[in-house]
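**Student:**
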């Protein structure tokens with residue numbers, strides 16, 4: 801299965817997704833409990849917009865492996881499906897498993913911004929910028945959240 805995953809990664813890098821899926825399916829035929837193959841296939845489906853397939857494989861990756869990376873992958877799919885509370889939970893689980901998982905902090909920042917939670921956006925975006933200074937989108941998210949926080953509160957007129 802390791803060699804099949806390696807070949808699948810190369811096909812993904814080249815954008816040949818059908819062949820990548822074939823190799824991952826073959827890896828799973830060899831070992832139906834291969835969490836890494838499930839996670840990689842979940843990412844492939846997610847990135848292709850096939851969220852139903854992605855969700856099933858992501859849950860299997862968590863079940864068979866439960867790594868920080870697989871928790872994060874499941875979180876991204878839940879985020880895309882607008883299940884933000886569940887996505888946050890998965891990102892937090894990823895951080896419990898690996899406190900250096902900057903990608904999980906980055907995704908917490910993104911879901912907080914989507915939810916309009918400016919204080920969490922500022923907290924998580926600041927943290928991810930410290931952890932991985934090269935991630936420019938999070939600097940933009942931080943600026944957007946800081947600007948929103950600085951705006952005066954508007955209350956509806958009864």
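In the numbering used here, the protein residues as written are 801 to 958. All C-beta atoms, glycine included, are put in the ideal place defined by N, C-alpha and C.
Can the beta-carbon of residue 894 be found less than 8 angstroms from the beta-carbon of residue 875?
**Tutor:** Looking up residue 894 in the chain shown gives position 94. Looking up residue 875 in the chain shown gives position 75. In contact: residue 894 and residue 875 (Cβ atoms closer than 8 angstroms).
**Student:** Let me check understanding here. Comparing Cα to Cα, which of 806, 898, 881, 941 lies closest to residue 916?
**Tutor:** To locate residue 916, count along the chain shown from 1; it is residue 116. Selected option, being the one with the closest Cα: 941.
**Student:** Determine the burial state of residue 806: buried for a count of at least 16 other Cβ atoms within 10 Å of its Cβ, exposed for fewer.
**Tutor:** As a first step, residue 806 must be located in the chain shown, where it is residue number 6. It is exposed - the Cβ of residue 806 has fewer than 16 other Cβ atoms within 10 Å.
**Student:** Near residue 853, which residues of its chain fall below 7 angstroms by C-beta distance, leaving aside the five closest residues on each side in sequence?
**Tutor:** If you number the chain shown from 1, residue 853 lands on position 53. So the list reads 845, once near-sequence residues are dropped.
**Student:** Please report the distance separating the alpha-carbon of residue 878 from that of residue 838.
**Tutor:** In the chain shown, counting from the first residue as 1, residue 878 sits at position 78. In the chain shown, counting from the first residue as 1, residue 838 sits at position 38. Distance between the alpha carbons of residue 878 and residue 838 is about 16 angstroms.
**Student:** Run through DSSP, which three-state label would residue 812 get?
**Tutor:** Locating residue 812 in the chain shown gives position 12, where the first residue counts as 1. Taken through DSSP and simplified to helix, strand or coil, residue 812 comes out as helix.
**Student:** Where does residue 885 sit, in a helix, a strand or coil, going by DSSP?
**Tutor:** Looking up residue 885 in the chain shown gives position 85. In the structure shown, residue 885 sits in a helix (DSSP, three-state: H, G or I).
**Student:** Compute the Euclidean distance between the alpha carbons of residue 922 and residue 889, then round it to the nearest angstrom.
**Tutor:** Taking the chain shown and counting its residues from 1, one reaches residue 922 at position 122. Taking the chain shown and counting its residues from 1, one reaches residue 889 at position 89. Taking the straight line from one Cα to the other gives about 18 angstroms.
**Student:** Please name the residue, chosen from 880, 926, 867, 866, that lies closest to residue 851 on a Cα-to-Cα basis.
**Tutor:** By 1-based counting over the chain shown, the position of residue 851 is 51. 880 is the residue among 880, 926, 867, 866 whose C-alpha sits nearest the C-alpha of residue 851.
**Student:** Is residue 818 buried or exposed, if buried means 16 or more other CB atoms sit within 10 Å of its CB?
**Tutor:** Taking the first residue of the chain shown as 1, we reach residue 818 at position 18. That one is exposed.
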